[in-house]
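Beneath this line is the structure, given in C-alpha cells, with notes to follow.
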Amino acid sequence: TLGNHDSSRIHTRYGDKQHDAELARLHAALVLTLKGTPFLYNGEEIGMTDAIITDPIKLRDTMATWYYDRLVNELKVDAEEAALRAAEMTRDRNRTPMQWSNGPNGGFSPAGVETWLPVNTNYRKGINVRDQQRLPNSLLNYYKHLLRVRKQSPALLAGEYIPIHNTAKDYLAFLRSICPESGELQAKDSDRSVLVVLNFSERQLELDFSRVKEIKGRNLQVLFSSAERLLTTKSPRGLIISPFEVFIAEVR
C-alpha cells in the first residue's frame, strides 16, 4: 500500500504538479505488481486528492481540533493562521467522501444534505467514478486493466520478488517468478516469470536485460504497456522504455 486513511492521498503526496497523471499510473502499477496483497484506499482509483478544509468548524479529526484550540487559546495565534495550520495537518483532508459523479455532493449524498466532511470540489473536474467509467483511457479503467493483468498471471499473484538492475536511479526493474517444485504449474513456463519495468523519469531508456540469469536466452512477451505498444514479443536486449512507461512482460 502507498496510502491509507491516516496519511495524505498518494496523488497529493507523490505528485509533482507537472506529471501527476503519469505518476499516478506508475504508483498504481507499483502496488499491483509487487509481492503481497495490494491495498487500495478508496478514491485512489479515480485520482482523488487531499481536500483543503480551512473552516475549523468543519474539522472532525480530534487531533486537528485540539491543535486549533491550542493555537488560538493558549498560544494566541491569529484564528485565520491557526485554521490554515490545522488544515495542513488534519487527517480529514484525505477522509472526504467518495466522489461518485459530478452531481451534488459528488453523488455521495443528495443535494441539500451536509456531509460529515466536505466533498472535495474537484469532483466537478472529472475526478469521479461516473465520468471516468465513460472514458476508455481514464485512471479508473487503467486500474481495472492492471487488475485483470494481475489476476491472469500466476507470477504476479504468487511469485517471488527478484530485484534486478539495483543501481538504477531513474527506473525500477524486477521479476516476479514462480519456481514450482512439482504439479500442474511445472509445465507452464510462461507462468513462471514476469518482468516489470517502471520508468519514473522523463527520459526514454534503452535497457539490456539479456544478461539477467532468469531472462538470458529468452524473449519477452508484452502483457501490458502504458505506452500503448503492441502486445508483441520483444528482445530483452536494447529494450526501449518510454518516459514514465509501465512495462510488464512474460519471460518466454
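The opening residue of the sequence shown carries number 10 in my numbering; numbering runs sequentially from there.
Glycine is no exception: its CB is placed at the ideal position from the N, C-alpha and C atoms.
One thing to note: V138 has its Cβ no nearer than 7 Å to the Cβ of I62. For Y50, no alpha helix (DSSP H) run applies, since DSSP gives it neither H nor E. Under the three-state reduction of DSSP output, P172 falls in the strand class. For T99, the closest C-alpha among the options L41, W75, V122, S202 is that of W75. One Cα belongs to E215, the other to L248, and the distance between them is close to 5 Å.
According to DSSP, residue pairing for Y151 in a beta bridge does not occur.
The beta carbon of A33 is closer than 8 Å to those of I19, H20, G24, G56, L148 in its chain, skipping five residues each way along the sequence. In the three-state scheme derived from DSSP, where H, G and I count as helix and E and B as strand, N146 is classed as coil. A direct Cα-to-Cα measurement between L93 and V206 gives close to 40 Å.
Just so you know, the alpha carbons of P245 and H36 end up roughly 24 Å apart.
S202 is the residue among S202, S235, E90 whose C-alpha sits nearest the C-alpha of V221. By the Cβ neighbour-count rule, V122 is exposed, with fewer than 16 other Cβ atoms within 10 Å of its own. Counting only runs of 4 or more residues that sit fully inside the stretch 93-149, the alpha helix (DSSP H) segments are 138-142, in chain order. By alpha-carbon distance to L43, the top candidate from D217, L165, F233, A120 is L165. Rounded to whole angstroms, the gap between the alpha carbons of I173 and A182 is 6 Å.
Of E90, N103, N150, L39, the smallest CA-CA separation from N13 is found for N103. Here DSSP, grouped into helix, strand and coil, assigns Y180 to strand. According to the DSSP assignment, A30 belongs to the alpha helix (DSSP H) that extends over 29-42. With respect to N129, A73 sits apart: the two C-beta atoms are not nearer than 7 Å.
R133 is positioned such that its CB atom lies closer than 7 Å to that of N111. Around the beta carbon of N208, 16 or more other beta carbons sit within 10 angstroms, so the residue counts as buried. G226 and S219 have their C-alpha atoms spaced approximately 7 Å apart. Out of V81, Q108, T105, P106, the CA that lies nearest to the CA of A95 is found in V81.
In the DSSP assignment, A258 falls within the unbroken beta strand (DSSP E) covering 255-260.
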